[in-house]
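**Student:** In order, the protein sequence lines correspond to chains D and C.
Under our numbering, think of the first position of the first sequence as 59, with each following residue one higher.
Under our numbering, think of the first position of the second sequence as 59, with each following residue one higher.
Glycine included, each C-beta is placed from N, C-alpha and C at the ideal position.
Sharing a structure here in structure tokens format.
Protein chains: 2
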Amino acid sequence: MKPVMTQAQTHTQSQERLNSRAALLKALAHPTRLWLVEQLEQQERCVCELTDGVDADISTVSKHLSLLRQAGIVASRREGKQIYYRLETPCLLGMLTCIETALEAQTSKSCCGR
Amino acid sequence: MKPVMTQAQTHTQSQERLNSRAALLKALAHPTRLWLVEQLEQQERCVCELTDGVDADISTVSKHLSLLRQAGIVASRREGKQIYYRLETPCLLGMLTCIETALEAQTSKSCCGR
DNA sequence: GCTTCATTTGGCATAATAGCCAAATGTTTT
DNA sequence: AAAACATTTGGCTATTATGCCAAATGAAGC
Numbered sequence: 059m060k061p062v063m064t065q066a067q068t069h070t071q072s073q074e075r076l077n078s079r080a081a082l083l084k085a086l087a088h089p090t091r092l093w094l095v096e097q098l099e100q101q102e103r104c105v106c107e108l109t110d111g112v113d114a115d116i117s118t119v120s121k122h123l124s125l126l127r128q129a130g131i132v133a134s135r136r137e138g139k140q141i142y143y144r145l146e147t148p149c150l151l152g153m154l155t156c157i158e159t160a161l162e163a164q165t166s167k168s169c170c171g172r
Numbered sequence: 059m060k061p062v063m064t065q066a067q068t069h070t071q072s073q074e075r076l077n078s079r080a081a082l083l084k085a086l087a088h089p090t091r092l093w094l095v096e097q098l099e100q101q102e103r104c105v106c107e108l109t110d111g112v113d114a115d116i117s118t119v120s121k122h123l124s125l126l127r128q129a130g131i132v133a134s135r136r137e138g139k140q141i142y143y144r145l146e147t148p149c150l151l152g153m154l155t156c157i158e159t160a161l162e163a164q165t166s167k168s169c170c171g172r
């Protein structure tokens, strides 16, 4: 069978994969942004609802949401004066649970029930 | 039933939980560090083995490893002149797979097989 | 004890991030 | 069209992250 790509190409692809993963993790790697994602877990919310629960300037929250949107984690739609955000990748929630498990494992030294 | 903690306490605890999660994500949110974690997936490795695969200064790799250790993701042990690193939380690997799924969902618009 | 090898640490320059305020945008109401 | 409301954007400063080089540490061999 003919090789589909050169080694240089696989290297680049692997690099790209790592970059994508890292970008997604970086977008989530902030307490406020994690909280925002959690809030969107059940239902979409407008910015005003979200800012109520955060101790930060509205503009700061807006920038966090914008960052999450650029990372493809959330999406937004306008309805009248308000803008509603929703979670684009529900999968992430499972991931966050997994992180929790990993964190618990750190202290208890047992991991994933093993 | 008497409440176990005040609202201020639950708030603090929730805040702590978010901080811990964010810290773990932040530690992983770098292409080189993700690569290092992947390398440790199958077996422990010494620093010299790890530096071979990275296009960065040895000291840079060492600092990445140190950061991962502080986050509780890896642990190290000395054997003679070399220092071996190993993955402390194998759970993380499942998480990374989950991230991959989420990333694919971003483009294909289908998520987790749904 | 001095040299060599493997790794870490300190120091520094550069870049990226976070958060506030003020100004701008877009929408609805009057 | 002006005022009010919801949100975003620009600009600024402070903090943090990244990565290299050089120096320090620690173990092994001579």
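Answer with yes or no whether the minimum CB distance from L136 (chain D) to chain C is below 8 Å.
**Tutor:** The question names Leu, but residue 136 (chain D) is Arg in the sequence shown. Judged by the 8 Å Cβ criterion, R136 (chain D) is not in contact with chain C.
**Student:** Identify which residue in D:L154, D:A85, D:L76, D:M153 has its Cα closest to the Cα of H122 (chain D).
**Tutor:** Residue D:A85 is the option with its Cα nearest to H122 (chain D).
**Student:** Output the distance between the C-alpha atoms of Q73 (chain D) and V132 (chain C), rounded to the nearest integer angstrom.
**Tutor:** One C-alpha to the other measures close to 22 Å.
**Student:** Determine, for S168 (chain C), whether the minimum Cβ-Cβ distance to residues of chain D falls below 8 Å.
**Tutor:** In this prediction, S168 (chain C) scores a pLDDT of 44, lower than 50, which makes its location untrustworthy; no coordinate-derived value is stated.
**Student:** With distances taken from CA atoms, which of D:G152, D:L126, D:R144 is nearest E107 (chain D)?
**Tutor:** Among D:G152, D:L126, D:R144, the Cα nearest to that of E107 (chain D) belongs to D:R144.
**Student:** If you draw a straight line from the alpha carbon of T147 (chain D) to that of D115 (chain C), how long is it in whole angstroms?
**Tutor:** Their backbone Cα atoms lie some 36 Å apart in a straight line.
**Student:** Show which residues of chain D have a CB atom less than 7 Å away from the CB atom of H88 (chain C).
**Tutor:** Ordered by position in chain D, the residues that pass the 7 Å Cβ test against H88 (chain C) are A80.
**Student:** For A80 (chain D), which of helix, strand or coil comes out of DSSP?
**Tutor:** Reduced to three states, the DSSP call for A80 (chain D) is helix.
**Student:** Looking only at DSSP bridge pairs, what is Q97 (chain D) linked to?
**Tutor:** Paired residue(s): none; Q97 (chain D) is not in a bridge.
**Student:** Does the beta carbon of L126 (chain C) come closer than 8 Å to any beta carbon on chain D?
**Tutor:** By this cut-off, L126 (chain C) is not an interface position.
**Student:** Kindly list the residues whose CB is nearer than 6 Å to the CB of T109 (chain D), restricted to its own chain and excluding five residues on each side of it in sequence; keep chain order.
**Tutor:** Excluding sequence neighbours, T109 (chain D) sits near I116, V119.
**Student:** Using a Cβ cut-off of 8 Å (strictly closer), state whether E99 (chain D) contacts chain C.
**Tutor:** For E99 (chain D), the answer is no, since every Cβ of chain C falls outside 8 Å of its Cβ.
**Student:** Say whether chain C places a C-beta atom closer than 8 Å to the C-beta of K121 (chain D).
**Tutor:** False, the Cβ-Cβ gap to chain C never drops below 8 Å.
**Student:** Relative to the alpha-carbon of L76 (chain D), which residue among C:S78, C:V95, C:A81, C:R75 has its alpha-carbon at the smallest distance?
**Tutor:** Ranking C:S78, C:V95, C:A81, C:R75 by Cα distance to L76 (chain D) puts C:V95 first.
**Student:** Report the rounded CA-to-CA distance for T90 (chain C) versus Q140 (chain D), giving the unit in angstroms.
**Tutor:** About 40 Å.
**Student:** Might you give, ordered along the chain, the residues of its own chain that have their beta carbon closer than 7 Å to the beta carbon of R172 (chain C), omitting 5 neighbours on each side?
**Tutor:** In this prediction, R172 (chain C) has a pLDDT of 40, which is less than 50 and means its spatial position is unreliable; nothing more can be read from the coordinates.
**Student:** Can you name the residues that DSSP bridges to A133 (chain C)?
**Tutor:** In DSSP, A133 (chain C) forms a bridge with C:R144.
**Student:** Within the same chain, show all residues whose beta-carbon is closer than 7 Å to that of L98 (chain D), passing over the 5 residues directly before and after it, in chain order.
**Tutor:** Answer for L98 (chain D): V132, Y143, R144, L145, listed in chain order.
**Student:** Starting from the C-beta of V105 (chain D), find all residues in its chain whose C-beta is less than 6 Å away, skip the five residues before and the five after it, and write them out in chain order.
**Tutor:** Hits under 6 Å: I141.
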